[in-house]
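Asks:
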Amino acid sequence: MTSPKTLKVLVYSDDVHTREQVILALGRRPHPDLPELEYVEVATEPVVIQNMDAGGLALAILDGEAVPAGGMGIAKQLKDEIRDCPPLVVLTGRPQDAWLATWSRADAAVPHPLDPIQLAEAVVSLLRARVPA
Numbered sequence: 001m002t003s004p005k006t007l008k009v010l011v012y013s014d015d016v017h018t019r020e021q022v023i024l025a026l027g028r029r030p031h032p033d034l035p036e037l038e039y040v041e042v043a044t045e046p047v048v049i050q051n052m053d054a055g056g057l058a059l060a061i062l063d064g065e066a067v068p069a070g071g072m073g074i075a076k077q078l079k080d081e082i083r084d085c086p087p088l089v090v091l092t093g094r095p096q097d098a099w100l101a102t103w104s105r106a107d108a109a110v111p112h113p114l115d116p117i118q119l120a121e122a123v124v125s126l127l128r129a130r131v132p133a
């Protein structure tokens, strides 16, 4: 099996600045062992669901502070409804909200303000499991 040329990563937030922060923090290639990332920026819940249903995504990063639909509720719905759901990273409002991310069945949680190193470590560990060596 050949490895993909790019990995599609969905980034959901109603705040364009949050989406920009995530993309800038990860860059095009967060680790040399991984293919380049291709970002799908999404600002609304219906478009998240549409993209997830369509498939082809390696990972989704969901803003837990997004309005009106928060990333934690969306994460729970996706894990409940999509067989073989790709890994989900939830951005929490603060470190103490990690328990909510656990409830949502997210695969990782990263608190605001975003630490680029912490975000990259979470994303790389989840993507490595999905990319053949």
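Residue numbers (the UniProt record's numbering): 1 to 133. We put the CB at the ideal spot given by N, CA and C, even for glycine.
(1) At what residue ranges does the UniProt domain "Response regulatory" (8-127) contain a whole run of the alpha helix (DSSP H), taking only runs of 4 or more?
(2) Which residues in the same chain have their Cβ closer than 6 Å to the Cβ of residue 61, if we skip the five residues on either side of it in sequence?
(3) Verify whether the separation of the beta carbon atoms of residue 51 and residue 67 is less than 8 Å.
(4) Measure the beta-carbon distance from residue 91 to residue 85 and round it to whole angstroms, keeping in mind my assumption that it falls under 8 Å.
(5) Are residue 37 and residue 57 close, meaning C-beta to C-beta below 8 Å?
(6) Can the beta-carbon of residue 124 be found less than 8 Å from the beta-carbon of residue 118?
(7) Give the secondary structure of residue 131 by DSSP, where H, G and I count as helix, E and B as strand, and everything else as coil.
Replies: In terms of the structure at hand:
(1) 16-26, 45-54, 71-81, 98-103
(2) 11, 22, 89
(3) no
(4) At roughly 18 Å, the Cβ-Cβ gap does not stay under 8 Å, so residue 91 and residue 85 are not in contact.
(5) no
(6) no
(7) coil
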